[in-house]
Amino acid sequence: MTLFGKLFGQPDRAEAYLTFRDKELQRVTSRVEQLQGALPKVFLERLGGYSEECCMTFGKGSFGPFLLK
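Each step along the sequence shown adds one to the number in my numbering, with nothing skipped, and position 28 is 508.
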């Protein structure tokens, strides 16, 4: 995102977005850490509605590690 900000001449907007993203991720993470007991298992479909293929999700090297927390 920092690179996009530089490329498009808007580094302040890129930094503001990154600050917002980090704040929101921390907010969600702190709430999840407070949960007790067994957490429900979920499936997050990647590109839902994009095609007729079913049940694609994220893996290592993308959004996957965040989902496994």
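Glycine is no exception: its CB is placed at the ideal position from the N, C-alpha and C atoms.
Small disclaimer: the values here were computed from a predicted structure and weren't measured.
Just how far apart, CA to CA, sit residue 538 and residue 545?
As a position in the sequence shown, residue 538 is number 58, starting the count at 1. As a position in the sequence shown, residue 545 is number 65, starting the count at 1. Between residue 538 and residue 545, the C-alpha separation is close to 9 Å.
Does the beta-carbon distance from residue 527 to residue 536 come in below 8 Å?
Position 47 of the sequence shown holds residue 527. Position 56 of the sequence shown holds residue 536. In this structure, residue 536 lies closer than 8 Å to residue 527 by Cβ.
In whole angstroms, what separates the C-alpha of residue 534 from that of residue 522?
For the purposes of this step, residue 534 is taken as the residue at position 54 of the sequence shown. For the purposes of this step, residue 522 is taken as the residue at position 42 of the sequence shown. Looking at the two C-alpha atoms, the distance is approximately 15 Å.
Against chain B, with Cβ distances strictly below 8 Å, would residue 509 count as a contact?
The structure shown contains no chain B; it is built from a single protein chain.
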